[in-house]
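To keep things clear, I will list the structure first and then write my remarks on it.
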Amino acid sequence: MKKHTSHLILCFAFFTIQLSVAQENLQLTPVNNYNYFSDLWDNFNSTPSSAFTLKEYANWKILTYSAITAHFIFGNDFELHEEYIYEKEYWPAGIPKLLGKIGETYDKPGTIYATLGLAGVLYGSGKLTQNKKIIETTNLMTQSLIISGVFTTMLKAIIGRARPYTNRGPHFYKPFNYKFNANYMSMPSGHTSSAFALMTVIAKQHDSWYVQIPAYTFAVSVAFQRIKANKHWGSDLIIGGTLGYLIGATIVSQSKRNNKKFSLQPIIGRNGIGFAVKF
Numbered sequence: 195m196k197k198h199t200s201h202l203i204l205c206f207a208f209f210t211i212q213l214s215v216a217q218e219n220l221q222l223t224p225v226n227n228y229n230y231f232s233d234l235w236d237n238f239n240s241t242p243s244s245a246f247t248l249k250e251y252a253n254w255k256i257l258t259y260s261a262i263t264a265h266f267i268f269g270n271d272f273e274l275h276e277e278y279i280y281e282k283e284y285w286p287a288g289i290p291k292l293l294g295k296i297g298e299t300y301d302k303p304g305t306i307y308a309t310l311g312l313a314g315v316l317y318g319s320g321k322l323t324q325n326k327k328i329i330e331t332t333n334l335m336t337q338s339l340i341i342s343g344v345f346t347t348m349l350k351a352i353i354g355r356a357r358p359y360t361n362r363g364p365h366f367y368k369p370f371n372y373k374f375n376a377n378y379m380s381m382p383s384g385h386t387s388s389a390f391a392l393m394t395v396i397a398k399q400h401d402s403w404y405v406q407i408p409a410y411t412f413a414v415s416v417a418f419q420r421i422k423a424n425k426h427w428g429s430d431l432i433i434g435g436t437l438g439y440l441i442g443a444t445i446v447s448q449s450k451r452n453n454k455k456f457s458l459q460p461i462i463g464r465n466g467i468g469f470a471v472k473f
């Protein structure tokens, strides 16, 4: 039984390493204030297509690794779940149990309240210190939360997978669950997708390992907490984490591209006509 839990840990460890490596392909520089809601709408509309352009090679790698991992875990969902929930000992050194407890800090106050609290602290510190990058990071985090929430909820309703506590097993589905019955909204994990979306924005805004590793470790801990709470199967977490990562990464990437654009604005005055260049 314990070998299944060890496999899940190794899968998440491999997934986290790939996310950290992917940071090298994308960094963001601070920019001036922008229209938050306009950017939110643009990101929402363009995220599905922008995530898989030929330029987003890192995203394709993550998707490939995640698909392989999800395929493996999907076939062992029941065994993994039973082992994690009911076994008293965890390999190695109680890591899954410890991660699950850390993830409770995100679950107890609720996703929205936890995010608002974190965003409020970051935004306040950015304003006080006049740090534009912190302010921008906060804006991108909240956008990633909103967009990941919308796409995750849509997938949950379409797939209609039964949650573990329904005792129907990991392969029972009621697709097109447009009444949003919570019992059949297991895949993908909303907590995991939102946590990875938020932490990916933070990680991609900083090229330091001491920011990236804790960020993704926290996101993984949220995933383990969802199994501990008997709310999700292991494969739900992989799909949710991948979705959150892709959304967070794409939003940061689009912000970077937008920052490189320039525009010409005509200016008409008493002394003549000219142009203002913004870039």
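Note that the numbering used here has the sequence shown beginning at 195, numbered continuously upward. A virtual CB, placed ideally from N, CA and C, is assigned to each residue, including glycine.
If you ignore the 5 residues before and after residue 301, its C-beta comes within less than 6 Å of the C-beta of 419, all in its own chain and listed in chain order.
If you draw a straight line from the Cα of residue 363 to the Cα of residue 276, it is about 11 Å long.
Ranked by Cα distance from residue 268, the first of 444, 452, 242, 428 is 428. Annotation for residue 379: 350 place their beta carbon closer than 6 Å to its own, counting only its chain and skipping 5 residues before and after. DSSP places residue 239 inside the alpha helix (DSSP H), whose first and last residues are 230–244. Distances from the CA of residue 388 to each of 403, 321, 298, 336 were compared; the closest alpha carbon is that of 336. Taken through DSSP and simplified to helix, strand or coil, residue 367 comes out as strand. Counting only the Cα atoms, residue 413 lies some 28 Å from residue 322.
When only Cα atoms are considered, residue 331 and residue 381 end up about 28 Å apart. When the alpha-carbon of residue 446 is set against those of 241, 273, 232, the nearest one is in 241. By the criterion of a C-beta distance shorter than 6 Å, residue 320 is surrounded in its chain by 328, 329, once the five residues flanking it on both sides are discounted. For residue 348, the enclosing alpha helix (DSSP H) starts and ends at 326–353. For residue 306, same chain residues with a beta-carbon under 7 Å away, outside a window of 5 residues either side, do not exist.
Sorting 374, 354, 401 by C-alpha distance to the C-alpha of residue 365 places 354 at the top.
Pairing residue 405 with residue 258, the inter-Cα distance amounts to about 25 Å.
For residue 403, the enclosing alpha helix (DSSP H) covers residues 403–422.
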